[in-house]
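Colleague: Numbering (this note's numbering), first residue to last: 1382 to 1889.
One structure, pasted below without further comment.
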């Protein structure tokens, strides 16, 4: 089914429910950046495979919003379909909610699937639409009605990460979370984010491509914990271990029912940015909701001594693989034709030679020539190009090891660089060095040092459209919050024990 046919079918469904606009975000019930295929509704509808974007379909228009990293890719992938690309972040390009409020009429209904949109976002959207006399309805999943070949929910097995890697037991981590709950007066805590759950329970799985997590929810009280996970994922040994630790296992689909049973004595802590509005609204009406970031998100960002030791060794192992790859690339013979896709496989093979390697931490970006100007380019059989011994080559990749997660980017010139390329590279390198060598006082936030990476580009009237750095998980997500280095004034302190990338850039 092509994109235009999908749009036509959606509009028929919209007409039945008197819906003026359908919003299809990148999202799942866990507010994940990288999702299981089952939840890739926006990708299925538009054909755009980037990790971030929002599609909107009205009766007369179809628009895709995505950020700087994906402008070139999105334009190519949506092709000649009915979708129009709005380049998020460009001057005079409104956010989708603003565009809808300006395009539709008072009394119109705007629909989205409340399972995959956070409670915080819905609150903001609803305010924009209400001011214009419009209604936001979050009970509709119209995509499900027409996505006839939808992939199944993932069924990988959950397995325990040894305490010798994790550095702390489940019970120790649960005690830390309960201590944080107590400081806010909470006696119950809802966890929906997959990496927070994986970290807390020392569990790993393969439900999401390149991210070792399981689809699950969790509810933590002051004396017990409930893990909502499909029973087929958990073997008898794990069940027995959880029983000994007073951790109850319930099916994944029981979370709404359980939340609905919470009574007036419940003071439940949850993060409205991490909880879908459908789950938020499922909480029993007499329970008191305390809105605050997940304790696990803050705790796991600051690595313990065991994790730090492992991460240092992981950086060495991954560095060996990278050096072997670069040596191979530099010394290949003229007769050995290689392409973007084949060099990605070669680097994967070098990583596999290292102890404790598990998988890539994200799909590698191997980009030659003009492809290297696309931040998140992914080679396909259609776009794959041979690496000639000339031009710029970007390699952005990472590995997941039992001992940690990596993310490493290198820019090479496979021939003789031009003066402009040398100048551009030098400006970016100087910014990188300034961040890497920066000394700053306690309490410093990421946005306060972001300018160090950009200062030399700014002097030349240039900039880059993404953040300078992001947190990295421990054998978990390659992009980990809450800290990051970016222009956005995020009120998160950079602390000793955090691992962040340092990756300024310039794109022409």
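Glycine included, each C-beta is placed from N, C-alpha and C at the ideal position.
In angstroms with no decimal places, state the Cα-to-Cα distance between residue 1416 and residue 1773.
Modeller: One C-alpha to the other measures close to 31 Å.
Colleague: Could you check the C-alpha separation between residue 1687 and residue 1542 for me, to the nearest Å?
Modeller: Going by the C-alpha atoms only, they are around 13 Å apart.
Colleague: Tell me, to the nearest whole angstrom, how far the beta carbon of residue 1551 is from that of residue 1583; I am working on the premise that it is less than 8 Å.
Modeller: Indeed, because the Cβ distance is near 5 Å, the residues count as touching under 8 Å.
Colleague: Tell whether a beta-carbon distance below 8 Å holds between residue 1609 and residue 1632.
Modeller: For residue 1609 and residue 1632, yes; Cβs fall inside 8 Å.
Colleague: According to the Cβ coordinates, are residue 1569 and residue 1634 closer than 8 Å?
Modeller: No, they are not a contact pair.
Colleague: Have a look at the DSSP bridge pairing and note the partners of residue 1782.
Modeller: Looking at the DSSP assignment, residue 1782 forms a beta bridge with 1738, 1785.
Colleague: My output table needs one value for residue 1854: the three-state DSSP class, helix, strand or coil.
Modeller: In this structure, residue 1854 counts as coil in the three-state DSSP scheme.
Colleague: Which residue from 1428, 1516, 1482 puts its Cα closest to that of residue 1399?
Modeller: Considering only alpha carbons, the answer is 1516.
Colleague: Can you give me the start and stop residues for the beta strand (DSSP E) that residue 1405 sits inside?
Modeller: Element bounds for residue 1405: 1402–1406.
Colleague: Check for me: the beta strand (DSSP E) holding residue 1607 runs from which residue to which?
Modeller: 1606–1609 is the span of the beta strand (DSSP E), which, as asked, contains residue 1607.
Colleague: Helix or strand or just coil, what does DSSP make of residue 1791?
Modeller: Residue 1791: strand per DSSP, three-state reduction.
Colleague: Under three-state DSSP, which class holds residue 1520?
Modeller: Residue 1520 falls in the strand class under three-state DSSP.
Colleague: What residues are listed by DSSP as bridge partners for residue 1749?
Modeller: According to DSSP, which records beta bridges pairwise, residue 1749 is partnered with 1774.
Colleague: Is the stretch 1674–1681 close to the stretch 1514–1529, with three or more CB pairs under 8 Å?
Modeller: No, the stretch 1674–1681 does not touch the stretch 1514–1529.
Colleague: Which two residues bound the contiguous beta strand (DSSP E) that contains residue 1864?
Modeller: Unbroken beta strand (DSSP E) run through residue 1864: 1861–1866.
Colleague: Just to confirm before moving on: does the CB-CB distance between residue 1860 and residue 1587 stay below 8 Å?
Modeller: Contact: no.
Colleague: Is any beta-carbon of chain D found at less than 8 Å from that of residue 1619?
Modeller: The chain labelled as chain D is not found in the depicted structure, where only one protein chain is given.
Colleague: Using 8 Å as the cut-off, can you tell me whether the stretch 1705–1719 makes contact with the stretch 1752–1762, which would need three or more C-beta pairs spanning the two stretches below that distance?
Modeller: No: the two stretches stay apart, fewer than three of their Cβ pairs being nearer than 8 Å.
Colleague: Exposed or buried, what is residue 1746 when buried is set at 16 or more other beta-carbons lying within 10 Å of its beta-carbon?
Modeller: Classification for residue 1746: buried.
Colleague: Rounded to the nearest angstrom, how far is the Cβ of residue 1423 from that of residue 1406, given a contact under 8 Å?
Modeller: Indeed they touch by this definition, with Cβ atoms about 6 Å apart.
Colleague: Are the Cβ atoms of residue 1885 and residue 1835 separated by less than 8 Å?
Modeller: Taking 8 Å as the Cβ cut-off, residue 1885 and residue 1835 qualify as a contacting pair.
Colleague: What is the rounded straight-line gap between the Cα of residue 1470 and the Cα of residue 1539?
Modeller: Each residue's alpha carbon lies about 39 Å from the other.
Colleague: Pairing CB atoms from the stretch 1781–1792 with CB atoms from the stretch 1813–1820, are three or more of them under 8 Å?
Modeller: Because the criterion of three Cβ pairs below 8 Å is not met, the stretch 1781–1792 and the stretch 1813–1820 do not touch.
Colleague: Tell me the rounded alpha-carbon separation between residue 1748 and residue 1869.
Modeller: Near 28 Å, if we compare the C-alpha coordinates of residue 1869 and residue 1748.
Colleague: Can you look up residue 1849 in the DSSP assignment and give me helix, strand or coil?
Modeller: Looking at residue 1849 - three-state DSSP - the assignment turns out to be coil, as it is neither helix nor strand.
Colleague: May I ask you to report which of helix, strand or coil DSSP gives residue 1584?
Modeller: Reduced to three states, the DSSP call for residue 1584 is strand.
Colleague: Got a sec? Which residues, its chain only, sit under 7 Å from residue 1390 by beta carbon, not counting five neighbours each side?
Modeller: Hits under 7 Å: 1527.
Colleague: What residue from 1832, 1463, 1838, 1426 has the CA that sits closest to residue 1850's CA?
Modeller: Closest option to residue 1850, Cα to Cα, is 1832.
Colleague: Under three-state DSSP, which class holds residue 1813?
Modeller: Helix at residue 1813.
Colleague: Out of 1501, 1888, 1477, which one is the CA nearest neighbour of residue 1658?
Modeller: Looking at the Cα atoms, 1501 is the closest of the given residues.
Colleague: Going residue by residue through the stretch 1478–1523, where are the continuous beta strand (DSSP E) segments of at least 3 residues, counting only ones entirely within it?
Modeller: DSSP runs (the beta strand (DSSP E)) wholly in the stretch 1478–1523: 1490–1492, 1516–1518.
Colleague: What's the call for residue 1452, buried or exposed, on a 16-neighbour Cβ count within 10 Å?
Modeller: Result: buried.
Colleague: My parser needs the alpha helix (DSSP H) runs of 4 or more residues fully inside the stretch 1665–1694; what are they?
Modeller: You should have 1676–1682.
Colleague: Candidates 1696, 1759, 1478, 1427: which alpha carbon is nearest residue 1493's?
Modeller: Selected option, being the one with the closest Cα: 1478.
Colleague: Taking 8 Å as the cut-off, decide whether the C-beta atoms of residue 1891 and residue 1694 are in contact.
Modeller: One cannot answer for residue 1891 here, as it falls past the ends of the chain, which runs 1382 to 1889.
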